[in-house]
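The letter at position 230 of the sequence shown is residue 230 when you use UniProt numbering, and the numbering goes up by one with no holes. Using N, Cα and C, we set each Cβ at its ideal position, and we do this for glycine too. Predicted model, so just to flag it, every value in this text is computed and none were measured. Working notes for the structure below.
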Amino acid sequence: MFSSPSSSKRWAHHTQKGEETDFLSEKVAILLSLYNGEKYLHEQLNSIVNQTYQNWVIFWRDDQSTDQSKFIIESFSKKYGKDKCIEISDIKDRLGVANSYLHLLKAIPSTPFIAFCDQDDVWHPQKLEWAITKIKSLHSKKPTLYCARQYLTNSNLDIISLSFSLKKKPSFSASLTQNIATGHTIVINTTARDIINLLPSPPSVLHDWWSYILVSYFDGNIIFDDKFVSHYRQHNNNAIGARSSILQRGIKALQRGPKIFMNIFNKNIHVLLFSGLNTPIKNKKILYSIHSSNSFFQKIIILLKNNELRRQTIYENIIFFIWFLLSKK
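What follows is the structure, encoded as structure tokens:
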């Protein structure tokens, strides 16, 4: 059942009084793709209702759910979401997670801000307010992507761990090696939306990573907030989930092996390099140097010259260096 708008007890000791803002007239489009999410959808929608920043509208599409997901959001739209929920139903086919969100991004009308939303998490009441305040504080018309940390929880929202703080700053080179922008924490401005809409993501690359890559490719602003903006459920039906420790991340990478990662890495570089997009020359040079490197020696030079072509931890970088140096195209 849906609750009336109120502050959640879950956040009582974390929430600060919302500051007066001068941008309450600027609407946030919340993009929500549904697929068999009935179990947790009520809580996610309640956390949107309870936002301190209330000028939002949900644009949603159902990706051929076989449960009650569509019924739940339609019921929500008649009460607490009245006049604030719009279905995007022009494509009935199943698109999959990444394509569903990228389709929503193209289909919605222009709004100053856009937020990605998963169907099974719970947002901090000030999530949107914090994001928009950070973006506005830059006073920039450049493409801007905001993302943040999360409480990692079990299916009952009991906190089991914390997502990592960054050890290295976001950059275009870094975006090629690892995604640091968790989808449901992302808020972008309309300039970033226009850029992301220029180029479809390659297979196997989710919308959040592709958004980070493209905004970085155009030398946009990447904001990583150390605030914890959500309870991020880790359960069997997660589209991707998060690793709760460095060891787990390392083990998972080793289990996958180099082939999958390097195929994605090389495909992303190929798609970007031959996209014809009008991007900074220095970023095209980064792509070309990687794309044209065939020998072990050439790859060593790239790693020595480009100290931003790195992942977040030393253990992950050791694995990445080995895979990069030994890979064959």
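Below 7 Å between beta carbons: does that hold for residue i and residue j?
| i | j | result |
| --- | --- | --- |
| P143 | G220 | yes |
| T177 | E129 | no |
| F71 | L45 | no |
| D158 | S230 | no |
| F172 | S216 | yes |
| A29 | I114 | yes |
| K27 | N55 | yes |
| I302 | S289 | yes |
| L31 | A98 | no |
Taking the continuous beta strand (DSSP E) assigned at residue i, which residues delimit it?
| i | result |
| --- | --- |
| N221 | N221 to R233 |
| I86 | C85 to E87 |
| residue 333 | Absent from the structure is residue 333, since the part of the chain shown begins at 1 and ends at 329. |
| F324 | No beta strand (DSSP E) holds F324; the alpha helix (DSSP H) holding it covers I314 to L326. |
Any idea if residue i is buried or exposed, counting beta-carbon neighbours within 10 angstroms, 16 or more meaning buried?
| i | result |
| --- | --- |
| R94 | exposed |
| D297 | In the sequence under discussion, the amino acid at residue 297 is Phe, which differs from the Asp named in the question. So F297 counts as exposed. |
| D90 | exposed |
| I318 | exposed |
| H103 | buried |
| F324 | buried |
| R256 | exposed |
| N283 | buried |
| L162 | exposed |
| P280 | exposed |
Going by the DSSP bridge assignment, what does residue i pair with across the sheet?
| i | result |
| --- | --- |
| W56 | V28 |
| F218 | Paired residue(s): none; F218 is not in a bridge. |
| Y146 | V187 and I223 |
Kindly examine the ligand GDP and report whether one of its heavy atoms sits closer than 6 Å to the Cβ of residue i.
| i | result |
| --- | --- |
| Y40 | Questions concerning the ligand GDP fall outside what the structure shown contains, since it holds no ligand whatsoever. |
In terms of residues, what are the limits of the alpha helix (DSSP H) holding residue i?
| i | result |
| --- | --- |
| F297 | F296 to K305 |
| Q44 | L41 to V49 |
| T133 | K127 to S137 |
| A181 | Here A181 belongs to no alpha helix (DSSP H), and DSSP marks it neither H nor E. |
| F265 | P258 to L273 |
Measuring CA to CA, which of the options is closest to residue i?
| i | options | result |
| --- | --- | --- |
| C147 | A192, K169, H184 and D120 | H184 |
| T66 | V49, L34 and I48 | L34 |
| Q119 | L304, G81 and S69 | S69 |
| I132 | S140, V187, Y80 and G81 | V187 |
Are the C-beta atoms of residue i and some chain C residue less than 7 Å apart?
| i | result |
| --- | --- |
| S137 | Absence of chain C from the displayed structure is noted, only one protein chain being present. |
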